[in-house]
Amino acid sequence: MHSELEQLLVLQDRQQKIRHIQAEVKTVPLERAHLESQLAATEAGVEALKQKGRQVEVERKNLELSVGTRTESILRLKTQQYQTRKNDEFQAIGHEIERYENEIRKLEDQELELMIEVDRLKGEIEAADKSARATKESISRQLADLETKSKALGSNQEELETDRKALAARIDDDLLDQFERLFNSKGDAAVVAVEHGVCTGCHMKVTTATAARVKAGKEIVSCENCARILYLG
Ligand SMILES: [Zn+2]
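Here this note's numbering is used: the first residue of the sequence shown is 456, the next is one more, and so on.
In structure tokens form, the structure reads like this:
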């Protein structure tokens, strides 16, 4: 094989690796953002439950206060009832006491429901807290791994860039130009094999003359269809 062709293939290998690393590097911030949003969602979920718990507790306390004021009212009414000598007033106060007692029963029923709700929420919060801790641990591990990966990609890329520079320095400027233009425009490869008379870059049959020149290996030959540089596969 033409020696410059061999050098180009090595150069291409390094550049493809660099391109691959660059693509991976681009995904790192996305992965990090994804993990961070997972973390935030987990924390928000627990916080929402705790907020709900506090709210129910406030409602329960309000009911307790309402019961308290009615209990006081009943005591006050009972004192009034003992002091009165009028029978109709005694009965009227009695009805009022009864009304308050009914209200208290209803309030206490509601309070009981809320106490059950508070207990249920406590259990839910504990479970959510526990699962959130596990999630946070897993996410911080994944973030640390991502950091390690990112550093490894960086140093890997540096090594490849150094290698690439040294290789490029040994290749003829015009050929290097041609190679770079093809490499950047084609997206995959600038140097491709001819297999069974077909260019593996564009999958078109090359002419017999082109195939013969590639086989001879004495010069740089391009595919007449896609312009990629050809070697014998
Ligand atoms: Zn081609």
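The beta-carbon is built from N, C-alpha and C at its ideal position, and this holds for glycine as well.
Remark: the C-beta of Ala-682 is in contact range of ligand 1, defined as less than 8 Å to any heavy atom. Minimum Cα-Cα distance from Thr-526 among the listed residues Glu-551, Val-511, Ala-503 and Lys-541 corresponds to Glu-551.
Rounded to the nearest angstrom, the gap between the Cα atoms of Glu-568 and Ile-548 is 31 Å.
Contact annotation: Thr-590 and Leu-494 have beta-carbon atoms nearer than 9 Å. Its chain contains Val-573 as the residues whose beta carbon lies nearer than 7 Å to that of Glu-512, once the 5 sequence neighbours on both sides are disregarded; these appear in chain order. Within the model, the alpha-carbon separation for Ala-623 versus Val-501 is close to 56 Å.
The C-beta of Leu-466 has 16 or more other C-beta atoms within 10 Å across all chains shown, which makes the residue buried.
Here Ala-587 really is in contact with Glu-498; their C-beta atoms are around 7 Å apart, less than 8 Å. As DSSP reads the structure, Val-522 sits in no beta bridge. Between the alpha carbons of Ile-684 and Ile-675 lies a gap of roughly 7 Å. 9 Å or more divides the Cβ of Phe-634 from the Cβ of Ala-621. For the pair of segments examined, the segment 553-562 was found to touch the segment 523-538: the number of CB pairs separated by less than 8 Å reaches three. Lys-673 carries a coil assignment under DSSP once its states are collapsed to helix, strand and coil. Inter-residue distance for Ile-559 and Thr-534 is about 19 Å (C-alpha atoms, whole angstroms).
Apart from the 5 residues on each side of it in sequence, Asp-627 has no Cβ closer than 6 Å to any other Cβ in its chain.
Contact between Leu-504 and Glu-579 is confirmed by a C-beta separation of about 6 Å, below the 8 Å threshold.
Secondary structure of Lys-541 (DSSP, three-state): coil.
Closest in C-alpha terms to Val-483, from the list Lys-472, Thr-665 and Thr-603, comes Thr-603.
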